[in-house]
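Enquirer:
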Amino acid sequence: MKIDWSQLGFHYTETDYIVRAAYRDGHWEAPYATRNKYLTLHVSATCLQYGQEAFEGLKAFRGIDGKVRIFRWQENAKRMQRSAEGLKMEPVPTELFGEAIRLALKKNRRFIPPYETGATLYFRPLLIGTTPRLGVGPGREFEFIVIPSPIGPYYEGKFHCTSFIVNRRIDRAAPLGTGAFKVGGNYAASFRATEAAHALGYDCLFTDSKTHRYIDECSAANFIGIKKTDRYADGVQSTDIEYLTPRSTAILPSITNDSLMTLARERGLKIRRRKIRIEELADMQEAAACGTACVISPIDKVVDPDKGITYHLTDEPGPILTELYQALQDIQYGRAKDTHRWCEIIDN
Ligand SMILES: Cc1ncc(COP(=O)(O)O)c(C=O)c1O
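Oh and the sequence shown: position 267 is 720 in our numbering, straight run, nothing missing.
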C-alpha cells in the first residue's frame with residue numbers, strides 16, 4: 454500500500470506495528486512489536502476502573518539530509534516517569550522507553566514521511582494499569598505501549614494565528630492535583646471547556662483553578678507571551694524583550710516550551726516564568742500556544758467574556774515567535790546545527 458502523504462491529516466493513521474512491553478512479577482519484560490492493535494484487558498483493570506493511565510507525545514522528523522531525528526525523547530521518558538509516580542504506576546525506565554521508540558520506528562520505516570511533505574512520524578507512548586481490581590487502589594501489573602502514526606503538517610500552507618476565549622467556569626485540574634502529569638483524566642476533564650470554546654469558534658484559555666485570575670494553559674499547550682519594554686539610561690534607549698510563561702503547579706511542563714526558552718535565552722530574551730494575570734495580555738506584543746503538535750501557534754486575540762474585554766495581539770504571527778518557531782524547526786529537520794544534542798539520529 455502506497456501512502457498519499459498529501460492526504461495525511463492530523464488524525465490517527467494506522468501503521469504496520471505497535472510496540473508493547475509488560476510489567477509483571479515485579480519487572481519489565483522486553484518490548485516486542487506486534488501487528489495486533491487490540492488489547493485483551495480484564496474488565497476490572499485499574500486503567501478502566503480508576504483511570505490509571507498516562508501517555509506521551511513525541512515526533513520523529515525526516516531531515517533535509519534524509520536522516521531521521523527523534524526529538525528529545527529522553528524528556529518524554531522522564532515526564533512519563535513523573536506521570537506514573539503521580540498515579541502510583543510503575544515508571545517505564547528511560548532505556549526501555551528509548552528501545553521501544555526505536556523499535557516502533559524501525560518496524561514502521563515506510564510510514565516516516567519524506568522531508569518535503571512537512572509531515573512527521575508521531576509516537577504516542579501509553580502506560581496503563583492492567584491489574585483486575587474492584588477495591589479502590591493502584592494495581593501491580595502495567596502495560597507500556599507505543600503507538601506510531603504519521604501525521605500531516607500542523608500548518609497546511611501559511612503559519613497562522615488562532616483565537617482564544619478565557620475560561621473561568623470549568624477547571625482542568627486542581628492546583629495540587631494531577632495537572633502537571635500527562636494523564637488521560639486531565640484531558641477528559643477538559644473536554645467540557647474545550648468543546649464549549651470550540652462551539653463559539655475559539656480555543657480555550659484555562660485560568661488557574663484557585664483564583665481564575667492567572668493564565669494557566671492554552672487548551673493542550675503552554676502559553677507564551679512576548680513583552681517589550683523600552684528603557685532609557687544615561688540618554689540611551691534600549692529595549693528589553695521578555696519571554697513570559699506561567700508558573701503554575703497545575704500545568705504540564707512542555708518540552709517544546711523548555712526548548713523555546715533555551716533558544717530565546719540564546720537570542721538575548723529575558724525568560725520570566727511567573728504568574729501572569731489575564732489583564733497583562735494588554736501589554737504583550739505577541740503571544741502563542743506551544744507544544745509538540747504545532748511547535749508554536751500564535752494567538753491573534755483573546756476574548757474575556759466575563760469582563761467584556763477583547764485583547765488584540767497581532768493579526769499575523771509576530772517576528773519574535775516566528776523566529777523561534779523557525780529556529781526550532783530548523784533543528785528538528787536538520788537544517789541547523791543541533792548544539793544542544795536534542796535529536797537522536799537514527800541510521801537508515
Ligand atoms: C496539557 C498540555 N500542555 C502542554 C503540552 C505541550 O507539551 P509538549 O511541548 O511537551 O508537547 C501538551 C502536549 O503534550 C499538553 O497536552
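Quick reminder that beta carbons are idealized off the backbone N, C-alpha and C, glycines included.
Could you give the first and the last residue of the continuous beta strand (DSSP E) run that contains CYS743?
Expert: Counting along the chain, the beta strand (DSSP E) containing CYS743 begins and ends at 739-744.
Enquirer: Which word fits GLU569, buried or exposed, when buried means at least 16 other C-beta atoms lie within 10 angstroms of its C-beta?
Expert: Residue burial is scored here from C-beta neighbours: GLU569 has fewer than 16 other C-beta atoms within 10 angstroms and is therefore classed as exposed.
Enquirer: Less than 8 angstroms between the C-beta atoms of PRO578 and VAL599, yes or no?
Expert: yes
Enquirer: Does any residue of chain C have a CB that is nearer than 8 angstroms to the CB of GLU509?
Expert: Going by chain labels, chain C is absent from the structure shown, which holds only one protein chain.
Enquirer: Does LYS531 come out as helix, strand or coil in the three-state DSSP assignment?
Expert: helix
Enquirer: For the putative contact between GLU575 and SER536, defined by C-beta atoms under 8 angstroms, what is the C-beta separation to the nearest angstrom?
Expert: Sequence check: residue 575 is Tyr here, not Glu. Actually they are not in contact, since the Cβ atoms of TYR575 and SER536 sit about 18 angstroms apart, beyond 8 angstroms.
Enquirer: At a cut-off of 7 angstroms, would you count GLY637 as near ligand 1, judging by its Cβ distance to the nearest heavy atom?
Expert: Flag unset: Cβ of GLY637 not near ligand 1.
Enquirer: How many angstroms separate the CA atom of THR499 from the CA atom of THR583?
Expert: Roughly 6 angstroms separates the two Cα atoms.
Enquirer: Leaving out the 5 sequence neighbours to the left and right, which residues in its chain are closer than 7 angstroms to ALA741 when beta-carbon positions are compared?
Expert: ILE677, ILE749, SER750, PRO751, ILE752, LEU774
Enquirer: Among CYS671, ARG726, ALA649, whose alpha-carbon lies nearest the alpha-carbon of TYR696?
Expert: ARG726
Enquirer: With a cut-off of 8 angstroms on the beta carbons, I'd call ASN639 and ARG625 a contact; round off their distance for me.
Expert: 6 angstroms
Enquirer: By the 10 Å Cβ neighbour count, where 16 or more other Cβ atoms means buried, how is ASN489 classified, buried or exposed?
Expert: exposed
Enquirer: Round the Cβ separation of ILE668 and PRO699 to the nearest angstrom and send it over; I've been treating them as touching at under 8 angstroms.
Expert: Their Cβ separation, rounded to whole angstroms, is 5 angstroms, which keeps ILE668 and PRO699 in contact under 8 angstroms.
Enquirer: Rounding to the nearest angstrom, what Cα-Cα distance links ASP783 and ILE517 in this structure?
Expert: 9 angstroms
Enquirer: At a threshold of 7 angstroms, does CYS743 count as lining ligand 1 (C-beta to nearest heavy atom)?
Expert: It does: the Cβ of CYS743 is within 7 angstroms (strictly closer) of some heavy atom of ligand 1.
Enquirer: Return the residue from the list GLU648, VAL636, PRO628, ALA650 that minimises the CA-CA distance to ASP661.
Expert: PRO628
Enquirer: For the candidate residues VAL521, LEU501, PRO484, VAL496, whose alpha-carbon lies nearest to that of ARG788?
Expert: VAL521
Enquirer: How should SER691 be labelled, buried or exposed, when 16 other C-beta atoms within 10 angstroms of its C-beta is the threshold for buried?
Expert: exposed
Enquirer: Could you give the distance in angstroms between the alpha-carbon of ALA686 and the alpha-carbon of ILE694?
Expert: 16 angstroms
Enquirer: Measuring alpha carbon to alpha carbon, tell me which residue in GLN785, LEU734, ASP457, GLU548 is nearest TYR764.
Expert: LEU734
Enquirer: THR647: which of GLY590, ARG593, CYS671, GLU482 sits nearest, CA to CA?
Expert: CYS671
Enquirer: What whole-angstrom Cβ distance do ASN561 and ASP469 have, given they're in contact under 8 angstroms?
Expert: ASN561 to ASP469, Cβ: 6 angstroms. Contact.
Enquirer: For ARG525, which residues of its own chain have a beta-carbon under 6 angstroms away from its beta-carbon, when the five flanking residues on both sides are left out?
Expert: Cβ contact annotation for ARG525 (same chain, cutoff 6 angstroms, sequence separation greater than five): ILE708, TRP795, in chain order.
Enquirer: From THR466, ALA486, LEU461, pick the residue whose C-alpha is nearest to that of ALA475; which is it?
Expert: ALA486
Enquirer: Do TYR655 and ILE618 count as a contact pair if the criterion is CB distance below 8 angstroms?
Expert: yes
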